[in-house]
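The block underneath contains the structure these notes are about, expressed in structure tokens.
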Amino acid sequence: MNQLVLLAFFSGNMISIGFFISIYFLFVRNENKVRLTLLGLIFLAISLRTIKSIIYFSGGIPDIGVAIGYLGLASIGPLLWLYFKYFHVNTIKTLYNFKNYIHFLPALIGFISISIYGGKVASEFYLYTTFVLFLYVTFSWLKFISFNKKQEKFNTWNLLILIAVTLISLIFIIQHFTDTMINYAIGAVISAIIISSLLLFAIKTPTFFPKTTSKKHFDPILVKKIRSVIEEDKVYKQTSITLDQLAKKLDIPSYLVSRIIKNEYQKTFPETINYYRVKDVISKLNDEKTQQTKIEGLAYSAGFNTPSSFYSAFKKFTGMNPTKFVTMSRKQQQEQVKSFEKDLIPLKETTFKI
Numbered sequence: 007m008n009q010l011v012l013l014a015f016f017s018g019n020m021i022s023i024g025f026f027i028s029i030y031f032l033f034v035r036n037e038n039k040v041r042l043t044l045l046g047l048i049f050l051a052i053s054l055r056t057i058k059s060i061i062y063f064s065g066g067i068p069d070i071g072v073a074i075g076y077l078g079l080a081s082i083g084p085l086l087w088l089y090f091k092y093f094h095v096n097t098i099k100t101l102y103n104f105k106n107y108i109h110f111l112p113a114l115i116g117f118i119s120i121s122i123y124g125g126k127v128a129s130e131f132y133l134y135t136t137f138v139l140f141l142y143v144t145f146s147w148l149k150f151i152s153f154n155k156k157q158e159k160f161n162t163w164n165l166l167i168l169i170a171v172t173l174i175s176l177i178f179i180i181q182h183f184t185d186t187m188i189n190y191a192i193g194a195v196i197s198a199i200i201i202s203s204l205l206l207f208a209i210k211t212p213t214f215f216p217k218t219t220s221k222k223h224f225d226p227i228l229v230k231k232i233r234s235v236i237e238e239d240k241v242y243k244q245t246s247i248t249l250d251q252l253a254k255k256l257d258i259p260s261y262l263v264s265r266i267i268k269n270e271y272q273k274t275f276p277e278t279i280n281y282y283r284v285k286d287v288i289s290k291l292n293d294e295k296t297q298q299t300k301i302e303g304l305a306y307s308a309g310f311n312t313p314s315s316f317y318s319a320f321k322k323f324t325g326m327n328p329t330k331f332v333t334m335s336r337k338q339q340q341e342q343v344k345s346f347e348k349d350l351i352p353l354k355e356t357t358f359k360i
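Spelled out as structure tokens, the structure:
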């Protein structure tokens, strides 16, 4: 009995972190809203299903607790599939589609049924839904493979979350057929460890938990001068522009130009220049007047001197190649532009402190 209490305490603490991260993704972070919302809901669903197991082997659980656990279980698969389906979509309204809600109909039916009839139907619902989860996981793997062939961004993270959900699904199956409470408890603990491992990786990933750095305050006149020559004069269109050339043009020491750019844009000089070049190309690909122009031509006009450097920079900042962007719908392109432009603060919105 003491072993079960210790296992419950250990896994319970880990799962509480899962709930915390769910709240963080759902309500704190605002960028990539579709991706982070679905990610937060996936963590929440897994945590609900796992906490049900913890309460179960800790000393009994009411029917409503079993129903909530089932709601979590039945939601994992659909949420995982939607996460990969809408991975490149940035507008949250995309999720508000009736076809998407149909995926969660079994979860609602099971939740109501278990709440009313309890253990009489719970076992069958759990077993059936766990096998259905494997179908969703399989389709998610296929979707991921299509991303992987294109060397999409977040491959490591997406691979880990797929492996984690696959392992957790296997644990749920084993729990269903196990004949001892200790084995059931160990399964819950392993699930909690897997979730915690995912969280540790997410914490180390700047995309999910960006490092906050204190912003230094330079002479506002110099800052405005540098931002103006980059954003308004579009110095980045000069193919061979270097830091020394820009410093000489502005009559500001090179080291100071470099520091101000790093402070303002959170990027090095070359990264900042390439960012604005890519931004220029994206805006033209999204413009009816220039979208018929060859991509390489747009790249050259933006300041890139070789196609390879353009494709590399485009992939770095957007997570996709230009061809992928062109094949997106008009609405998706516009959302991608909005998402891309959020990365840096426009000059007109910049405030300077002395």
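Be aware that the sequence shown starts at 7, since it is given in this note's numbering, and climbs by one per residue. The C-beta atom is built at its ideal place from N, Cα and C for all residues, glycine as well.
Checklist entry - Does the beta-carbon distance from Thr278 to Ile227 come in below 9 Å? => result no
Checklist entry - How would you write the range of the alpha helix (DSSP H) that Leu168 sits in, first residue to last? => result Asn161 to Phe183
Item to check | Lys156 versus Phe310 - alpha carbon distance | outcome: A caution first: Lys156 carries a pLDDT of 48, below 50, which makes its placement in the model unreliable, though a value can still be read off. Approximately 23 Å, taken between the alpha carbons.
Next on the checklist: Whole angstroms are fine: how far does the CA of Leu47 sit from the CA of Phe25?
Outcome noted: 10 Å
Item to check | Reduced DSSP secondary structure (H/G/I, E/B, other) of Asp225 | outcome: coil
Checklist entry - If you run the structure through DSSP and keep just helix, strand and coil, what is Gln251? => result helix
Next on the checklist: Please classify Thr56 as buried or exposed, where buried requires at least 16 other C-beta atoms within 10 Å of its C-beta.
Outcome noted: buried
Checklist entry - Just to confirm, does Asp293 get its C-beta within under 8 Å of one of the non-hydrogen atoms of the ligand FMN? => result Questions concerning the ligand FMN fall outside what the structure shown contains, since it holds no ligand whatsoever.
Item to check | Helix, strand or coil at Phe93 according to DSSP, with G and I counted as helix | outcome: coil
Item to check | Proximity below 9 Å, CB of Ile82 to CB of Ile174 | outcome: yes
Next on the checklist: Let me check understanding here. Comparing Cα to Cα, which of Leu45, Tyr92 and Ser234 lies closest to Leu204?
Outcome noted: Leu45
Item to check | Collapsed DSSP secondary structure at Ile360 in the structure displayed | outcome: Because Ile360 carries a pLDDT of 25, less than 50, the predicted location of this residue cannot be relied on, and no value is offered for it.
Checklist entry - Looking at C-beta atoms only, is the number of pairs between the segment 261 to 268 and the segment 297 to 305 that lie closer than 8 Å three or more? => result no
Item to check | Buried/exposed call for Asp257, threshold 16 Cβ in 10 Å | outcome: exposed
Item to check | Cβ contact check for the segment 69 to 85 and the segment 139 to 151: 3 or more pairs under 8 Å | outcome: yes
Checklist entry - Roughly how many angstroms separate the alpha carbons of Val72 and Ile108, rounded to a whole number? => result 22 Å
Next on the checklist: Can you give me the C-alpha to C-alpha distance between Tyr123 and Phe131, rounded to a whole angstrom?
Outcome noted: 12 Å
Checklist entry - How should Leu148 be labelled, buried or exposed, when 16 other C-beta atoms within 10 angstroms of its C-beta is the threshold for buried? => result exposed
Item to check | Beta-carbon proximity check, Leu54 vs Leu77, cutoff 9 Å | outcome: yes
Item to check | Glu238, enclosing alpha helix (DSSP H) - first and last residue | outcome: Taken as a continuous stretch (DSSP letters only), Glu238 belongs to no alpha helix (DSSP H), as it is neither H nor E.
Next on the checklist: With a threshold of 7 Å on Cβ separation, who are the neighbours of Met7 within its own chain once the five nearest residues in sequence on each side are excluded?
Outcome noted: At Met7, the pLDDT of 48 sits below 50, so the modelled position is not reliable; the number obtained from the coordinates is stated separately. Correct list: empty, nothing qualifies.
Next on the checklist: On the CB-based measure, 16 or more other CB atoms within 10 Å of its CB, does Gln251 come out buried or exposed?
Outcome noted: exposed
Checklist entry - For the putative contact between Phe33 and Leu42, defined by C-beta atoms under 8 Å, what is the C-beta separation to the nearest angstrom? => result Wrong, their Cβ atoms sit about 10 Å apart, outside the cutoff.
Checklist entry - For Glu355, which three-state DSSP category applies? => result With a pLDDT of 40 at Glu355, under the threshold of 50, the predicted position of this residue should be treated as unreliable, though the coordinate-derived value follows. The answer is helix: DSSP assigns Glu355 an H, G or I state.
Item to check | Three-state secondary structure (DSSP) of Gln157 | outcome: For Gln157, the predicted model reports a pLDDT of 47, less than 50, meaning its position is unreliable and no value from the coordinates is stated.
Item to check | Nonlocal neighbours in the same chain, by C-beta distance under 7 Å from Tyr242, ignoring five residues either side | outcome: Ile236, Ile279, Tyr282, Arg283 and Gly309
Item to check | Where Asp286 falls, given that 16 or more other Cβ within 10 Å makes a residue buried | outcome: buried
Item to check | Option nearest Thr97 by Cα separation, candidates Lys39, Ile118, Ile247 and Asn106 | outcome: Lys39
Item to check | C-alpha distance - Ser121 paired with Ala113, whole-angstrom precision | outcome: 12 Å
Checklist entry - Phe275 and Leu249: beta carbons closer than 9 Å? => result yes
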